[in-house]
Structure formats: C-alpha cells, structure tokens
Amino acid sequence: MPQLTVEGFGAFEVPAGKRLVLALVDEAGVDQLHACGGNCRCTTCRVEFVSGEPDTMTEAEKNKLAERGLTGVRLSCQILCAHDMTVRAVSRLEGSGRPDPGSRPEAEIHPQPVVWVER
Ligand code: FES
C-alpha cells in the first residue's frame, strides 16, 4: 500500500488508488477543505507536494489550475494514491472561516470521463 505523509500529521498507509482528498480525510485525519465535493471546481482541496508529485494530472485539474493562475499546488480531488507521497496540507477547515469542509467527495474521480495529461 502507498504511504501518504502529511507534514505535521504523520505517515499513513493508504489503499492503492484511493483519491488523495479522501486519504487526507480518512487515513491522515486532516480537516482538508473540499468545498465543491471533489468536482474540480473550487480548488480548496489544494495541497503542496514535498515529494512524490505525480507526473500526470487530469485535464480538468490542469485547466482549473491555469484558469485560477495557481502554481506550486495540486488538487487532491484529482489525484490517486498510486505511490508514496509527502504533502503539506495548506487548505484546511481550521482558520478558513468556513462552516464545514464541504460535502464528501465520491470514491471515483469527477468530473467524468477522466482524461490524463502530462503536468
Ligand atoms: S476542486 Fe473542489 S474539492 Fe477539489
């Protein structure tokens, strides 16, 4: 099983292929924001990679990051835990002023169909 390390939280074994946003919540216990419910619309699921950043991304993620002018972050709702990764949780409920983190993302990546492109 891949290992997910979250700075300040620890290292956790996660099921291979699990959405990173869900692994952050379920395995790592991070109060990770995911305001749009994992649909690649809000960018609040963003994380910073320390190591293990995937070389591919969904076309939806690539387009959303470009649209928002975001660099140096990835959208955890668009990433699958396929190998060891170390990330910083930079978008948490704590300190956000939001009432909740957002509805729980589904198990499968959305939006469908998923198109993988180089990052
Ligand atoms: S972009 Fe909204 S949860 Fe990922």
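Numbering of the sequence shown is given in this note's numbering, commencing with residue -12 and proceeding in unit increments.
Even glycine gets a Cβ: it sits at the ideal position worked out from N, Cα and C.
Everything numeric in this text was worked out from a predicted model, so none of it was measured.
Could you name the residues that DSSP lists as bridge partners for L(-9)? F(-1) and M72
Going by other Cβ atoms of all chains shown within 10 Å of its Cβ, with 16 needed for buried, is V74 buried or exposed? buried
Length of the line joining the Cα atoms of C68 and C32: 15 Å
Minimum C-alpha distance to A15 - residue among K49, C23, E54 and P2: P2
Beta carbon of S63, beta carbon of V101: below 9 Å? no
Apply the 10 Å Cβ neighbour rule to V12 and answer buried if 16 or more other Cβ atoms are within range, or exposed otherwise. buried
For the ligand FES, which residues count as neighbours when the test is a C-beta closer than 7 Å to any heavy atom? V8, H21, A22, C23, G24, G25, N26, C27, R28, C29, T30, T31, C32, K51, L62, S63, C64, Q65, G89 and P92
Three-state secondary structure (DSSP) of S38: strand
Near P88, what residues of its chain come up, given a Cβ to Cβ distance below 7 Å and the 5 sequence neighbours on each side ignored? D18, Q19, L20, H21 and L80
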